[in-house]
Structures are given as C-alpha cells and as structure tokens.
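Here the structure is laid out as structure tokens; the discussion comes afterwards.
Below you can see the structure in the form of structure tokens.
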C-alpha cells in the first residue's frame, strides 16, 4: 500500500463576521441642532428666532424610521417664508438626515424652483415680513430675474450656441464635457449680470478652447455613440473608459496613460476630439480664484 500522505488538511472555512453598522458621524458644533415634528412647530420657532439665530442644523427623520418629523419639502417652504435657506442634506445615521439652515445672505442666488415656490406661498398668504424682505431685495438687485435652473431643467442658450459655432475647438470641448462641468458652464452664464453677459460668454469660449472650466481642467464624457462605433469596428479592445483606471494610469505615467486612451479614441471616426478631453481629465489643475 502506498504511504499515507502527510500533507496537512486544509483548515475549515471560518465564518464571516457579522456586518456591523457604521459608526455614527460626529455631530457638528458650529450651530445648534433641532428637531421639529411638524411644519407648524418649525415655523413657530423661526418666528421667534429668525432675527437672532445665525442658523441651525435641522434633523429630519427618514421615512423608513417611522419617527414623526417635518419633511424636507415642508422645511424648505417654512424657511422661505421666513427668509432662510437650506443647505445640502447629509445622512447622520440610520434614522436621520442633517440639513443646515441659515438666513439668506444679501448676495445669495435664487433657484427657479424656489422662485416658483415663493409665488405659491404668497398666494397662500404664508409669507412673513422677513420672507418678503428677502424677496424684495432680490428683485431690486436683479437676483430674482437671474434665478437659475437645476441640472434637469437648464438648456444651452442661443447666444452661447452661436459663440461656440465660431470656435470649433471650444465647441468640441463643450460637447465632450461631463454632466457636472456642462452644468457649471451654463450656471455661470445664467447667474451672471445681464450687463456682462457678452463678456462672460467670451470668457467661457476662451476657457473651453483652452480645455478649462472655471479655471481648472475639464472632465470628459464618453458618448454612447462613441462606444457603439468602437464595438461595431471589431476591435479587441473595448472602448469603455473607466475613470478610476485612467486616473491610476495617469498618475503612474501621465504620457503613457494619455497615449493609450488617445489610441482608443482615434479609432472612432469623428470622435477624435475626445482624446484631448480625456487627457485633460488626467491632468487636473487647481481652481483659479
């Protein structure tokens, strides 16, 4: 009989540790934290404190928590009624969101959505004197007319489109922008003073022609059309430009990383301009103030 193997037996698989809930985020200390079960309770609080309080962090219970709480849309309406404005919502823990609310500053821009909401609140007779003061101030200095659209509702204005037609390089750069940079360009124009609009458009075209957006390198997008063309070409390399991979290649060897992407892009008829946009993505610059 052959001798028995002395090879040690593999250890039995260990049980996977039970998932643990992430540690709760530390609470901010710059402003007081408040919770309100209803819109009426929040409105009553602001009626008494809107002039003296520099701001607050509002805890909004998530719908899944089952906790009685004012909702996010209700809180925004109450804030507008009293001349306040909301900030970005951040998840606090499994049960709450945390949103910063502060009095609206004198130069704070208005969104088109909030302008429409205020119009309805005025009709309903809910606006307070403080809220109307913020509205009248915005109307006096032109901020009311320059209310900006959100990413879903904004569109390319005709004067910008005409200016881009006169600069092929800027036009291609604009068409290759990612969604975020595309919105920043249009937001810059929409919120600017009417007297300087022409100057702003000329500045935008110059930035795009130089591969920049707001003083930094633009972020490129990859169109579905470009992907489809490469797939149909029978190339062994897929034209899926993954952001993390490209950034990693660019950090190791910027020229080599850009060259690889450029070769892929140049295989696509009519889409070679994307190579320059991707190379800009690999070489970010600091924002110029």
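In this note's numbering, the protein residues as written are 1278 to 1566.
Yeah, the Cβ is synthetic: ideal placement off N, Cα and C, and Gly gets one too.
{"Item": "Continuous alpha helix (DSSP H) stretch holding residue 1305: start and end", "Value": "It is not in any alpha helix (DSSP H) - residue 1305 carries neither H nor E in the DSSP assignment."}
{"Item": "Contact check, residue 1383 vs residue 1362, beta carbons under 8 Å", "Value": "no"}
{"Item": "Residue 1330, enclosing beta strand (DSSP E) - first and last residue", "Value": "Looking at the DSSP string, residue 1330 is not in any beta strand (DSSP E), and its letter there is neither H nor E."}
{"Item": "Neighbour-count burial assignment, residue 1360, 16 or more Cβ in a 10 Å radius", "Value": "buried"}
{"Item": "Closest by C-alpha distance to residue 1464, when choosing among 1426, 1482, 1445, 1455", "Value": "1426"}
{"Item": "Element boundaries [beta strand (DSSP E), containing residue 1460]", "Value": "First-last for residue 1460: 1456-1467, but that is the alpha helix (DSSP H), not the beta strand (DSSP E)."}
{"Item": "Among 1440, 1407, 1449, the one whose alpha carbon lies nearest that of residue 1476", "Value": "1440"}
{"Item": "Sub-8 Å separation of residue 1347 and residue 1337 beta-carbons", "Value": "yes"}
{"Item": "Any chain C beta carbon closer than 8 Å to residue 1388", "Value": "Of the protein chains in the structure, only one exists, and it is not chain C."}
{"Item": "Distance CB(residue 1437)-CB(residue 1481) smaller than 8 Å", "Value": "yes"}
{"Item": "Cut-off 8 Å between Cβ atoms - residues of its own chain near residue 1486, not counting five sequence neighbours on either side", "Value": "1444, 1446, 1447, 1450"}
{"Item": "Distance CB(residue 1308)-CB(residue 1332) smaller than 8 Å", "Value": "yes"}
{"Item": "Residues bridged to residue 1337 [DSSP beta-bridge criterion]", "Value": "1374"}
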